[in-house]
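Read the structure below first, then the notes.
Protein chains: 2
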Amino acid sequence: MPLTVSRPELLVAGSDAEFRRLVHGLFGFLARHEAIREGHGARIGLAGIEYTVLISIAHLGVQGEVNVKTIADHLRVSGAFVTTVTRKLQSLGLVEKTPGDVDRRRILLTVTDKGFRLLDELAPSQRAINDVEFACLTRERFRLLLEIVEDLVACGDRAVALQRYLAADPAAGAEAKIL
Amino acid sequence: MPLTVSRPELLVAGSDAEFRRLVHGLFGFLARHEAIREGHGARIGLAGIEYTVLISIAHLGVQGEVNVKTIADHLRVSGAFVTTVTRKLQSLGLVEKTPGDVDRRRILLTVTDKGFRLLDELAPSQRAINDVEFACLTRERFRLLLEIVEDLVACGDRAVALQRYLAADPAAGAEAKIL
DNA sequence: TTAAGGTAGCTTACAAAATTAGCTATGTAA
DNA sequence: TTACATAGCTAATTTTGTAAGCTACCTTAA
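Note that the protein sequences, when read in sequence, are chains V and H. 0 is the number of the first residue of the first sequence in numbering that gives the first Met the number 0; add one for each residue after it. 0 is the number of the first residue of the second sequence in numbering that gives the first Met the number 0; add one for each residue after it.
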């Protein structure tokens with residue numbers, strides 16, 4: 000098989016196997032994290048994504064106004080989907096949707112008292128489970144990991160941009176060999 | 000808002016904001032990685048998941064036999080979905096599906112010459128893009144990150160197990176406070 | 001100031017992606 | 001054998017995204 004990376008820092012004995020193990024590990028961890036979200040939701044009678052939307056509204060609400068687009072961007076799902084999920088949360092009495100005062104295109108999303116009570120109820124087991132999920136992080140590892148991940152996000156953006164550029168170029172294959 | 004973790008190693012000035020930033024960053028990076036997979040696929044006329052299945056069959060094939068379940072487990076998708084995608088790849092002449100010889104329930108998946116040619120053709124730009132995506136990884140950071148991620152996967156499994164245990168227990172809320 | 005064109009946010013209706021459930025065939029162990 | 005487990009497939013269902021349309025807002029310029 001051809002190599003999937005060429006930077007020598009990422010090759011071990013000329014092989015990209017370790018590199019691919021890293022990527023696979025990242026996906027594996029995220030899959031577990033999603034399973035745990037699903038479980039948190041189940042504990043309070045919600046689907047994983049419903050719980051995630053609810054707690055996101057609550058957390059983002061601390062720092063400012065939250066509308067449909069805020070949540071869609073934060074969770075990387077479509078706005079239409081946020082419309083659907085928040086309507087369900089509204090019908091359950093956990094979230095309120097009020098037309099914005101300053102900009103009436105925006106729908107202001109707020110968690111109701113009932114919603115907060117539900118999140119409070121969940122918090123103890125959520126903390127216990129998160130503590131186990133991240134038990135392997137020492138203070139130093141936590142600091143390092145956060146730093147690396149934020150750098151990776153920035154590099155990811157640049158990689159997406161490069162890909163877009165190469166896709167536009169008809170002779171991109173040849174060009175890629177030079178890069 | 001109640002805290003989502005309680006380990007002091009993960010709290011900064013009594014706040015879990017940095018911790019949540021880490022989790023959000025991990026999801027953000029993976030989203031970019033998926034976008035890049037989509038782009039790799041597009042370059043060879045495949046959807047992202049089709050490209051991913053194709054290259055997974057090729058890579059896993061190096062180490063042993065690959066069947067539908069192998070891929071489903073590796074990519075964490077349902078077996079039924081792998082059935083669908085591999086049928087498409089088969090109809091495109093990129094993958095061969097042959098009933099297993101020793102166990103006739105298993106369907107042996109192999110990449111055809113045409114499939115390998117496609118992957119070879121893609122490889123240069125794939126390498127260029129991956130090099131950019133992971134440009135921020137020094138040798139030492141790569142080593143550290145791989146180590147941390149594999150530990151996190153193991154902790155994730157334990158967290159899922161704890162969650163299952165707490166879900167089964169009616170008085171789990173109280174118990175979680177003690178943990 | 002106000003009319004016109006453009007943009008942004010939300011929703012509705014529809015389409016696609018992916019899962020679950022149920023079925024058949026094969027393998028395994030009592 | 002009989003019973004149970006596993007692999008893959010098909011069909012139905014659920015989940016999520018896309019496209020179109022509506023309303024509200026924001027320029028610009030007459």
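Just so it is clear, CB atoms sit at the ideal spot from N, CA and C, and this is done for glycine as well.
- The Cβ atoms of leucine 107 of chain H and glutamate 49 of chain H do not sit closer than 8 Å to each other.
- Residues of chain V whose Cβ lies closer than 9 Å to the Cβ of valine 65 of chain H do not exist; the shortest such Cβ separation is about 13 Å.
- It is roughly 12 Å from the alpha-carbon of alanine 79 of chain V to the alpha-carbon of threonine 69 of chain V.
- Taking each of V:Leu9, V:Gly114, V:Met0, V:Asp112 in turn and checking the Cα distance to phenylalanine 133 of chain H, the smallest one comes out for V:Leu9.
- In this model, serine 90 of chain V and arginine 19 of chain H are separated by some 28 Å (Cα to Cα).
- Taking a beta-carbon distance threshold of 8 Å, serine 124 of chain V counts as an interface residue toward chain H.
- Contact annotation, valine 94 of chain H with threonine 83 of chain H: C-beta distance approximately 12 Å; criterion of less than 8 Å not satisfied.
- With respect to chain V, the C-beta atom of serine 5 of chain H has a partner C-beta closer than 8 Å.
- Burial is judged here by how many other beta carbons sit within 10 angstroms of a residue's own beta carbon; proline 98 of chain V has fewer than 16 and is exposed.
- Any Cβ of chain H closer than 8 Å to the Cβ of aspartate 150 of chain V would place that residue at the interface, and such an atom is present.
- Here DSSP, grouped into helix, strand and coil, assigns isoleucine 106 of chain H to strand.
- Taking CB atoms only, valine 101 of chain H has no neighbour in chain V less than 8 Å away.
- A check of alpha carbon separations from glycine 155 of chain H across V:Cys154, V:Asp15, V:Gly47, V:Ala34 identifies V:Ala34 as the nearest.
- DSSP, read as helix, strand or coil, puts valine 94 of chain V in strand.
- Under the three-state reduction of DSSP, valine 101 of chain H is assigned to coil, being neither helix nor strand.
- Looking only at H:Leu74, H:Cys135, H:Arg6, the smallest Cα-Cα distance to phenylalanine 26 of chain V is reached by H:Leu74.
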